[in-house]
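Numbering (our numbering), first residue to last: 279 to 628.
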């Protein structure tokens, strides 16, 4: 027990990181469906940390590594490591093991032995968690078993001030918007972890993968990654927000609806008005394309692009109705004093 005053005044060192601002000491979990590239991910991580070189664009703190690759052979590990290294020499202080005892049956003692022999170790990877789980106790519920076993590994990580990363799987289930809900097992596994990383895709065939990150000592975020088959390394393409913005911009630039509107506004001195039929006719005339099946469908598409028209090209849109359900649409360049220069009519629909 400690008082609030004592705690406030106590000199406590900040959390140590293996990968700066990304992977801290303590127990971490990396989960994805099978065959998503988790093993390539952790192999590159270990090689980077052992060499003190960046991982996913983030600086690492050089330290020794132990990789329990319990689903691999030495032949496969050698082949993969040489592909990642690309002719470079393997770093010192990085060790592999392809077998280990179960939690509660000697694993922790094995890890203690490694730490005694290699005290500079800062990262231990267990690939996979399921390979070191015991048969379980029939009198113990699943949550208690998950929390107890993973909690024992967390206690080891905290005792030695290392990062212990568990590789795990995701359940097959409908996407509810929270990738962490798909982690296999009970909430006891995630509850015991300090940091959690989930690799997911909308479709297995997608080339881009979302890395969702959350933890006690790190900022929650989502990053878009892509596996580079030339270097055999995961590369960061950007945040989910950046990629969504890039995709929206690409769609905007390649779509004939905003393109035709932009041309009409530019050719009319910064302001053009007309019906949706006029817009359909202009697209046929300029590009030989049909923008929509009918004017109502086109009107809906124009409304969908309103924010993008304003954001990317500074084009405002409003509509003046004629009282019979029809009317003209007006598109005009935003002026420095938009209140005075805006044509009289109904409110903008953005």
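We treat Cβ as the ideally placed atom computed from N, Cα and C, and that holds for glycine.
- Straight-line measurement puts the Cα of residue 543 at about 11 angstroms from the Cα of residue 552.
- At a Cβ-Cβ threshold of 8 angstroms, residue 587 and residue 569 do not count as neighbours.
- In the three-state scheme derived from DSSP, where H, G and I count as helix and E and B as strand, residue 319 is classed as helix.
- Here DSSP, grouped into helix, strand and coil, assigns residue 294 to coil.
- Boundaries of the beta strand (DSSP E) harbouring residue 475: 473 to 478, taken from the DSSP string.
- In the three-state DSSP reduction, residue 579 falls in the helix class (H, G or I).
- Going by C-alpha positions, residue 534 is about 10 angstroms away from residue 540.
- In the DSSP assignment, residue 518 falls within the alpha helix (DSSP H) that extends over 518 to 532.
- With 16 or more other Cβ atoms from the protein chains shown falling within 10 Å of its own Cβ, residue 473 counts as buried.
- Here DSSP, grouped into helix, strand and coil, assigns residue 485 to coil.
- With a minimum length of 3 residues, the unbroken runs of beta strand (DSSP E) contained wholly in the segment 345 to 432 fall at 372 to 375 and 399 to 405.
- Comparing C-alpha distances from residue 500 to each of 514, 494, 510 and 509 shows the shortest one belongs to 514.
- Distances from the alpha-carbon of residue 509 to those of 287, 406, 299 and 318 put 318 closest.
- In the structure shown, residue 497 falls within a coil segment according to DSSP collapsed to helix, strand and coil.
- If the five residues before and after residue 469 are omitted, its C-beta is found closer than 8 angstroms to the C-beta atoms of 425, all from its own chain and listed in chain order.
- Excluding residues up to 5 positions away in sequence, 296, 341 and 440 lie with their Cβ nearer than 6 angstroms to the Cβ of residue 400 in the same chain.
- The alpha-carbon of residue 493 is positioned some 51 angstroms away from that of residue 554.
- Between residue 381 and the set 444, 365, 339 and 563, the nearest pair of CA atoms involves 444.
- According to DSSP, residue 514 shares a beta bridge with 503.
- Distance from the CA atom of residue 299 to the CA atom of residue 438, rounded to whole angstroms, is 20 angstroms.
- A distance below 7 angstroms between beta-carbons, with the five flanking residues on each side excluded, links residue 376 to the following residues of its chain, in chain order: 347, 348, 350, 351 and 352.
- Here residue 597 has 605 and 607 as same chain residues with Cβ atoms under 6 angstroms from its own Cβ, once five neighbours each way along the sequence are excluded.
- Contact between residue 327 and residue 378 is ruled out by a C-beta separation of about 20 angstroms, above the 8 angstroms threshold.
- Counting only residues of its own chain and dropping the five nearest sequence neighbours on each side, residue 374 has a CB closer than 7 angstroms to the CB of 345, 347 and 355.
- For residue 322, the CB contacts under 7 angstroms within the same chain, skipping 5 residues up- and downstream, are 333, 362, 511 and 512 in chain order.
- When DSSP states are grouped into helix, strand and coil, residue 509 belongs to the coil group.
- Residue range 465 to 470 is occupied by the alpha helix (DSSP H) that includes residue 467, with no beta strand (DSSP E) assigned at that position.
- DSSP lists 333 as the bridge partner or partners of residue 336.
- For residue 562, the uninterrupted alpha helix (DSSP H) segment begins and ends at 554 to 565.
- Residues of the same chain with a CB within less than 8 angstroms of the CB of residue 398, apart from the 5 flanking positions on each side, are 341, 342 and 371 in chain order.
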